[in-house]
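Comments concern the structure below.
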Amino acid sequence: MQAEFPDFRPGNVLATAFTGTLSERQGTPVERIPTPHRLIDWLEANGLAVDSCSTAQLELARELRESVHVAATAAALGDTLPAAAVRVLNDCSAQGRAAAYLTPEGERQWRLGPASRVEDALSVIAADAISMIAGERDGRLALCASPTCQAVFVDTSQSRTRKWCDMNTCGNRQKKARFKASRSFQRESAD
Ligand SMILES: [Zn+2]
């Protein structure tokens, strides 16, 4: 059944993995959490398992996602942070009751509230986005060089010159496009 839905894109940064659930924003957007159940799947895959999700909670999640995208893009460009987006991040951060929990193996897990509400999970994502936008994370906030993507990512490369949000998707696509362009140019020149 679920094979008909687009895959999730993996990521080390929770906030940008979340904004990546809508990809190709500047081209033909791909919605990777089209239904409440897909949001449940995504949250579980990212250590934030919840019991249920309503349509309204999915809408709230998407509102947070786009607010993270807008605020992080402004931060990457050095622009003023849009007040509406900041408000959504702060509201989502304040609404949740998630607690950090240290496992005996020394790993951090998130404990959501008794009902494992989506709002608790969103508060963890909002807090991660806030620390990313505030510059507390190691790395530079950058925008993907793919014209159809322009997603925000955290560049942790040593030279801080990474161009694409994901080498396996945007990076490869750009390389292929350049290769094709240079091939057709060579053909035209030969005529
Ligand atoms: Zn990209």
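Residue numbers (the UniProt record's numbering): 1 to 191. Ideal Cβ positions, reconstructed from N, Cα and C, are used throughout, including at glycine.
Go through the segment 41-82 residue by residue and report every complete run of the alpha helix (DSSP H) that reaches 4 residues or more, in order. 55-77
Ala88 - DSSP class collapsed to helix/strand/coil: A small fix is needed here, since residue 88 is Val in this sequence, not Ala. Val88: helix per DSSP, three-state reduction.
Leu143 - partner residues in DSSP beta bridges: Val152
May I ask you to report which of helix, strand or coil DSSP gives Gln2? For Gln2, the predicted structure reports a pLDDT of 49, less than 50, and the residue's modelled location is therefore unreliable. A value from the coordinates is still provided. Helix, per DSSP.
Flag this pair as yes or no: are the beta carbons of Gln174 and Ser146 separated by less than 8 Å? yes
Report all residues from its chain with a CB closer than 7 Å to the CB of Arg65; omit the five preceding and five following residues, and keep chain order. Phe18, Thr19, Thr21, Leu22
Find the nearest neighbour of Ala74 within the set Glu63, Ala56, Glu24, Ala151, judged by alpha-carbon distance. Ala151
For Ala85, which residues in the same chain have their Cβ closer than 6 Å to its Cβ, ignoring the five residues on either side in sequence? Ser67, Val70, Ala71
Considering only residues of the same chain and omitting the five flanking positions on each side of Gly135, which have a CB-CB separation below 7 Å? none
Contact between the segment 163-178 and the segment 114-134 (3+ Cβ pairs under 8 Å): no
Which class does Lys180 belong to by DSSP, given the choice of helix, strand or coil? helix
Segment contact flag, the segment 32-39 with the segment 56-64, C-beta cutoff 8 Å, min 3 pairs: yes
Any C-beta of chain B under 8 Å from that of Pro104: Here chain B cannot be found, since the structure has a single protein chain.
Since Ala17 is in the alpha helix (DSSP H), which residue starts that stretch and which ends it? 14-19
Is Leu112 helix, strand or coil by DSSP? coil
Within 10 Å of its beta-carbon, does Thr16 have 16 or more other beta-carbons around it, so buried, or fewer, so exposed? buried
Taking 7 Å as the cut-off, does the CB of Asp166 come closer than this to any heavy atom belonging to ligand 1? yes
Classify Phe153: buried if its beta carbon has 16 or more other beta carbons within 10 angstroms, exposed otherwise. buried
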